[in-house]
Amino acid sequence: MADDLAGERMNTIARRLKMMKEMIGLLSAAALVLVSGGAAAQHLHEGDIEMSIAGGKLTVAGNHESEYGTGRQIFEGSLETLLSGPRYRTTDPGFDSEPGTFAPADILYFRGWGSLAFWDGDSWESSVPNGETIVIRDSLDEELVVGTAGLSPSPDFTGAISDGGPTGQIHQHLAFTLQRAVSGLPAPAVGAYRVGLQLFAEGYTDSDEFYLVLNRGLDEEAFEASVMAMAVPEPETYALMAAGLALVTVVARRSKR
49 MADDLAGERM NTIARRLKMM KEMIGLLSAA ALVLVSGGAA AQHLHEGDIE MSIAGGKLTV
109 AGNHESEYGT GRQIFEGSLE TLLSGPRYRT TDPGFDSEPG TFAPADILYF RGWGSLAFWD
169 GDSWESSVPN GETIVIRDSL DEELVVGTAG LSPSPDFTGA ISDGGPTGQI HQHLAFTLQR
229 AVSGLPAPAV GAYRVGLQLF AEGYTDSDEF YLVLNRGLDE EAFEASVMAM AVPEPETYAL
289 MAAGLALVTV VARRSKR
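Take the position in the sequence shown, starting the count at 1, then add 48; the result is the number in this note's numbering.
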């Protein structure tokens, strides 16, 4: 029975994802009628967290999805991509900017917020099977531990990423490691692990909070389901999206007259 319910939920998420992508495609097509001559944005390094400054505020981009209801961007990584070192570790996504984004003396930092969440294949949970934590090591080898109880060594921990360097460009990768509570316990549970991050630097307004979702052992479809469970609205929201599409279409038609 439980398996049937889980399967039904996965099918529901898949259907909503398909509907969402179709709606977004229609909205995008309509919006293109209003825009001409614009160059498409170029990704610096595919999958990295792309940083810029807009109106004195740090901004992040390069994500594929955002959390429904909050707009928090969702970035992704896989915990089994490194060829050496601890097995459940990744250095992706990195942090990347164009040359001239920062001043050479600027120092970019990160802070954590919230607590660790775990996708068990059906829903996001505030508990983990074996006391797992995500450890984030900064550029100075200081570590922030993100667990279900919060952040340690302190909620006020600030991690160094990089300075602006001679060109004002930052491209840096930190280490994200999935750890068990006690050595000798079973391997970290298969699933997705979610942490909250925010970027800041003196002289700029802090970035908006965003999520990093890390995959441990899920296939592509199952991992995508964990992300889309955050991003896809409930069915009643599609009526509002349809109304938005209609409005964009009307404006597009009027602009052609």
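Note that the Cβ used here is the ideal one computed from N, Cα and C, for glycine as well.
So, with DSSP's three-state summary, where would you put residue i?
| i | result |
| --- | --- |
| S174 | coil |
| F258 | strand |
| A277 | helix |
| A270 | helix |
| Y116 | coil |
| H219 | strand |
| E190 | coil |
| R228 | coil |
| R264 | strand |
Given a threshold of 16 other Cβ atoms within 10 Å of its Cβ, counted over all protein chains shown, does residue i qualify as buried or as exposed?
| i | result |
| --- | --- |
| L156 | buried |
| R135 | exposed |
| P141 | buried |
| N111 | buried |
| L233 | exposed |
| D189 | exposed |
| A249 | buried |
| V176 | buried |
| S231 | exposed |
| T206 | exposed |
| S100 | exposed |
| G103 | exposed |
| D186 | buried |
| G160 | buried |
| D204 | exposed |
| A113 | It is worth fixing the name first, because residue 113 is Glu in this sequence and not Ala. By the neighbour-count rule (16 or more Cβ atoms within 10 Å), E113 is buried. |
| G212 | buried |
| A277 | buried |
Nearest by alpha-carbon distance to residue i: which of the options is it?
| i | options | result |
| --- | --- | --- |
| S200 | T149, D256, S145, S163 | S163 |
| D144 | A237, P281, Q220 | Q220 |
| E173 | A153, V243, H93, F248 | V243 |
| E269 | A153, D170, K105 | D170 |
| G127 | V280, P281, A235 | It is Leu, not Gly, that sits at residue 127 in the sequence shown. It is A235. |
| V280 | L106, E94, R120 | R120 |
| E146 | E124, T181, V108, G117 | V108 |
| P214 | F248, S175, G148 | G148 |
| S202 | L192, S210, I209, A208 | L192 |
| E94 | E115, F123, G117 | F123 |
Within its chain, find whatever has a CB closer than 8 angstroms to the CB of residue i; leave out the 5 residues flanking it on each side and keep chain order.
| i | result |
| --- | --- |
| A240 | F166, W167, V261, L262, N263, R264, L266, F271, S274, V275 |
| Q217 | S145, E146, P147, G148, T149, F150 |
| A229 | N178, G179, E180, T181 |
| Y259 | E115, R120, Q121, I122, F123, R242, V243, G244, L245, M278 |
| A153 | D211, G212 |
Sorted by chain position, which residues of the same chain lie with C-beta nearer than 6 angstroms to residue i's C-beta, five sequence neighbours on each side aside?
| i | result |
| --- | --- |
| L247 | L106, F158, S255 |
| G125 | T138, D140, P141, L262 |
| Q227 | T181, V183 |
Can you find the residues in the same chain that come closer than 7 angstroms, C-beta to C-beta, to residue i, ignoring five residues on each side of it along the sequence?
| i | result |
| --- | --- |
| A62 | With a pLDDT of only 49 at A62, under 50, the local geometry of the prediction cannot be trusted, and the value read off the model is given with reservation. Here the set comprises nothing. |
| A208 | I155, Y157, D186, S187, L188 |
| A223 | R137, T139, R185 |
(message) I want to know whether the region 188-200 touches the region 247-255 - three or more CB-CB distances under 8 angstroms.
(response) With a cut-off of 8 angstroms, the region 247-255 and the region 188-200 do not count as touching, because too few Cβ pairs lie within range.
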